[in-house]
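Chemist: Residue numbers (the working numbering), protein chains in the order written: chain A, 47 to 424; chain B, 6 to 233.
Please find one structure pasted underneath; my questions will follow.
In structure tokens form, the structure reads like this:
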């Protein structure tokens with residue numbers, strides 16, 4: 047019975063964690079923005095050996111894409127890096143993204159207080175910054191950051207707004223970043239002439255794959271890539287990312303559930319052993335029952351019911367234990383967990399099935415006992 | 006009281022194979038028992054009396070011969086059919102009582118009725134326990150009862166389905182002589198009410214309580230006295 051409890055608990059908690067992981071990844075992905083295509087430079091090096099990011103993606107590529115690809119609503123070049131941010135005596139390392147005004151819409155960000163920098167400020171390489179709420183808290187500790195001056199790598203920037211919080215995404219916290227005009231980032235802050243990525247928002251209702259294809263075609267032409275050569279960039283499509291993540295996490299759930307299922311099976315073998323011992327211990331009782339008129343079917347039913355009750359009880363305790371476990375897991379770790387009705391029903395019916403399946407043989411053995419032999423048994 | 010035959014056995018043969026040796030436990034035994042008789046089956050060990058009891062009790066089938074119980078040929082029945090016959094026709098009383106542990110006296114007594122699928126099992130079981138003088142012990146478990154009381158519960162259980170035969174296997178073997186005597190008097194009282202009682206025993210004092218006594222030797226009846 048302990049085996050069944052552990053098995054069912056494992057199935058429940060594994061499926062809960064799997065479902066929770068999938069749900070949270072999906073919600074994070076969709077918070078990136080809708081209709082999103084991301085162009086990134088490919089990694090240089092060959093045969094899968096990476097030797098750093100290529101510097102092939104230029105501002106002119108972004109302009110060309112905007113002008114030549116149909117179906118693009120807006121796009122934003124992104125220059126990335128990190129900088130030491132300083133306000134009075136407070137000092138913090140933050141990631142800095144040089145972006146266009148359009149980025150806010152493309153990546154689904156909005157302003158909490160203040161404003162975003164304007165197109166004029168982008169064009170004039172204005173030294174203005176929008177900061178994430180976490181950054182604001184670290185640097186300003188509740189003080190109003192608007193119109194204050196912070197230093198990024200020693201250069202003065204005027205804070206014009208604070209982003210609305212999106213929540214930590216694990217590998218990257220969008221609330222802890224500083225946005226500046228990409229022009230300023232390229233020429234003043236980082237001194238680079240290449241982009242980290244180009245974020246594209248396609249028009250509503252446009253076939254993302256078609257846009258993706260024409261983006262690839264134009265970039266291949268611009269980068270003069272031979273027909274048989276690999277791209278020196280990659281275009282990621284959010285729908286694709288979602289389906290990839292979904293299928294990966296489905297496989298993950300299946301795997302975890304499968305392993306847990308095996309432990310349930312082992313629990314079933316435990317039930318069978320218990321029942322076999324019970325049948326042996328109660329041989330005499332079976333003999334008595336047969337002597338006073340129990341038929342094979344009634345004896346068999348009696349032991350099958352006992353086995354199903356055992357495994358069913360184990361199932362119920364297992365569901366409780368599994369639910370408790372997954373709640374604990376989501377409370378104390380980053381893994382969220384979602385207990386679905388389906389997984390409870392699945393685990394319970396599986397444990398009932400285990401009871402019937404592994405109770406069958408002992409029950410048959412009990413039913414098949416010779417009454418004379420059984421009565422003689424000491 | 007009728008004089009009809011309750012047991013009509015002809016040429017019963019039962020052969021056991023132990024290793025390479027075949028033992029003819031019953032070797033063409035004939036036996037007729039009238040309804041309402043009180044019969045003792047005696048004989049030394051190895052004479053075939055246990056085998057005969059198993060056959061009479063429908064726990065086993067003969068290899069040859071016929072056994073007609075209350076007008077019904079049971080010698081070729083299937084296992085489940087035999088179970089039904091045992092439930093309806095035979096009431097067993099064993100040397101070691103064979104009550105189910107962890108079940109109260111009344112639950113033990115009503116069990117055959119439950120297997121028969123009869124209603125009002127509880128009421129009938131109560132009545133049966135009152136009849137054997139255990140009104141105050143109905144809800145006790147077997148281990149809270151004395152040997153004599155346990156055997157009374159067993160008798161009540163044996164009689165609950167109103168069987169044709171009360172079949173007792175050394176019913177006094179685990180009892181002191183005084184309680185043994187009480188059980189035998191209970192049997193005599195039941196026989197007086199018209200019940201057929203068969204007692205298998207090696208104890209001649211016990212056999213002495215029965216009017217008809219059959220002695221077995223080598224799988225056959227060697228002596229049959231006191232029959233009607």
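By construction, the Cβ of each residue, glycine as well, lies at the ideal position given by its N, Cα and C atoms.
Are the beta-carbon atoms belonging to residue 310/A and residue 397/A less than 9 Å from one another?
Modeler: Yes, they are a contact pair.
Chemist: In chain A, which residues lie less than 7 Å from residue 121/B when you measure between Cβ atoms?
Modeler: Those are 339, listed as they occur along chain A.
Chemist: Chain B beta carbons: is any one of them nearer than 9 Å to that of residue 410/A?
Modeler: No - not a single Cβ of chain B is within 9 Å of the one on residue 410/A.
Chemist: Report the three-state DSSP secondary structure of residue 210/A (helix, strand or coil).
Modeler: In this structure, residue 210/A counts as coil in the three-state DSSP scheme.
Chemist: Once the 5 residues before and after residue 393/A are set aside, which same chain residues still bring their CB inside 6 Å of it?
Modeler: If we look at residue 393/A and ignore the five residues flanking it on each side, its Cβ neighbours are 54, 57, 58.
Chemist: Label residue 194/B either buried or exposed according to how many other C-beta atoms from any shown protein chain fall within 10 Å of its C-beta, with 16 as the threshold for buried.
Modeler: Looking at its Cβ environment, which holds fewer than 16 other Cβ atoms inside 10 Å, residue 194/B is exposed.
Chemist: What does a CB cutoff of less than 6 Å around residue 101/A pick up in its chain, not counting 5 residues either side in sequence?
Modeler: Once the five neighbours on either side are set aside, the close Cβ partners of residue 101/A are 240.
Chemist: So who's on the other strand from residue 160/A, going by DSSP bridges?
Modeler: 207/A, per the DSSP bridge assignment.
Chemist: Could you list the residues in the segment 58–78 of chain B with a C-beta less than 7 Å from some C-beta on chain A, going in chain order?
Modeler: Within the segment 58–78 of chain B, the residues whose Cβ lies closer than 7 Å to some Cβ of chain A are 59, 64, 65, listed in chain order.
Chemist: At 7 Å on the CB atoms, spell out the chain B contacts of residue 344/A, in chain order.
Modeler: By Cβ distance, chain B contributes 120.
Chemist: Report yes if the C-beta distance between residue 421/A and residue 345/A is below 9 Å; otherwise report no.
Modeler: No, they are not a contact pair.
Chemist: Taking buried to mean at least 16 other C-beta atoms within 10 Å of its own C-beta, is residue 81/B buried or exposed?
Modeler: Label assigned to residue 81/B: exposed.
Chemist: According to the neighbour-count rule (16 or more other Cβ atoms, all chains shown, within 10 Å of its Cβ), is residue 188/B buried or exposed?
Modeler: Buried.
Chemist: Chain B partners of residue 417/A, CB-CB under 7 Å?
Modeler: Here the neighbours are 64.
Chemist: Can you grab the Cα-Cα spacing for the pair residue 188/A / residue 111/A, in whole Å?
Modeler: Looking at the two C-alpha atoms, the distance is approximately 42 Å.
Chemist: Using CA coordinates, which residue listed in 35/B, 123/B, 147/B is at the minimum distance from residue 101/B?
Modeler: It is 147/B whose Cα lies nearest to the Cα of residue 101/B.
Chemist: Along the segment 307–335 of chain A, where does the CB come closer than 7 Å to a CB of chain B? Name the residues.
Modeler: Correct list: 331, 334.
Chemist: Kindly examine the ligand NAD and report whether one of its heavy atoms sits closer than 8 Å to the Cβ of residue 56/A.
Modeler: Among the components modelled here there is no ligand, and therefore nothing to report on the ligand NAD.
Chemist: What residues from chain A crowd round residue 116/B, counting only those whose CB sits closer than 8 Å?
Modeler: Going along chain A in sequence order, the residues near residue 116/B (Cβ under 8 Å) are 335, 338.
Chemist: Straight-line CA distance for residue 178/A to residue 271/A?
Modeler: If you take the alpha carbons of residue 178/A and residue 271/A, they lie about 39 Å apart.
Chemist: Please go through the segment 36–84 of chain B and give each complete beta strand (DSSP E) segment of 3 or more residues, from N-terminal end onward.
Modeler: Whole beta strand (DSSP E) segments, 3+ residues: 43–47, 69–74.
Chemist: Between which two residues does the beta strand (DSSP E) containing residue 230/B stretch?
Modeler: Per DSSP, residue 230/B belongs to the beta strand (DSSP E) from 225–230.
Chemist: By Cβ distance below 6 Å, which residues in the same chain neighbour residue 160/B in space, the five residues on each side in sequence not counted?
Modeler: Excluding sequence neighbours, residue 160/B sits near 98, 137.
Chemist: Using beta-carbon positions only, say whether residue 230/A and residue 147/A come within less than 9 Å of one another.
Modeler: For residue 230/A and residue 147/A, no; Cβs fall outside 9 Å.
Chemist: Along the chain, where does the beta strand (DSSP E) that runs through residue 201/B open and close?
Modeler: Taken as a continuous stretch (DSSP letters only), the beta strand (DSSP E) holding residue 201/B covers 201–205.
Chemist: Hey, is residue 301/A's beta-carbon within less than 9 Å of any beta-carbon in chain B?
Modeler: No, because no Cβ of chain B sits closer than 9 Å to the Cβ of residue 301/A.
Chemist: Output the boundary residues of the beta strand (DSSP E) element that contains residue 280/A.
Modeler: From DSSP, the beta strand (DSSP E) with residue 280/A extends over 279–283.
Chemist: Buried or exposed for residue 218/A, please, with buried defined as at least 16 other CB atoms from any protein chain shown within 10 angstroms of its CB.
Modeler: Answer is exposed; the Cβ neighbour count stays below 16.
Chemist: Considering residue 397/A, what are the terminal residues of the alpha helix (DSSP H) in which it resides?
Modeler: Segment 387–413, the alpha helix (DSSP H) holding residue 397/A.
Chemist: Scan the segment 101–130 of chain B and note each continuous alpha helix (DSSP H) run of 4 residues or more that stays entirely inside, going in chain order.
Modeler: Entirely contained in the segment 101–130 of chain B, the alpha helix (DSSP H) runs reaching 4 residues are, in chain order, 110–121.
Chemist: Might you give, ordered along the chain, the residues of its own chain that have their beta carbon closer than 8 Å to the beta carbon of residue 221/A, omitting 5 neighbours on each side?
Modeler: Here the set comprises 178, 179, 180, 181, 209, 211, 212, 213, 214.
Chemist: Under 8 Å by Cβ, that's how I've got residue 405/A and residue 315/A pegged, so tell me the actual separation to the nearest angstrom.
Modeler: Not really, about 12 Å apart at Cβ, beyond 8 Å.
Chemist: Nearest to residue 231/B by CA position, among 222/B, 223/B, 217/B, is which residue?
Modeler: When only C-alpha atoms are compared, the closest one is 217/B.
Chemist: Under DSSP, the alpha helix (DSSP H) around residue 130/A begins and ends at which residues?
Modeler: That residue, residue 130/A, is in no alpha helix (DSSP H); its beta strand (DSSP E) goes 118–133.
Chemist: Can you tell me whether residue 362/A is helix, strand or coil according to DSSP?
Modeler: Helix.
Chemist: The beta strand (DSSP E) with residue 16/B in it runs from where to where?
Modeler: First-last of the beta strand (DSSP E) with residue 16/B: 10–23.
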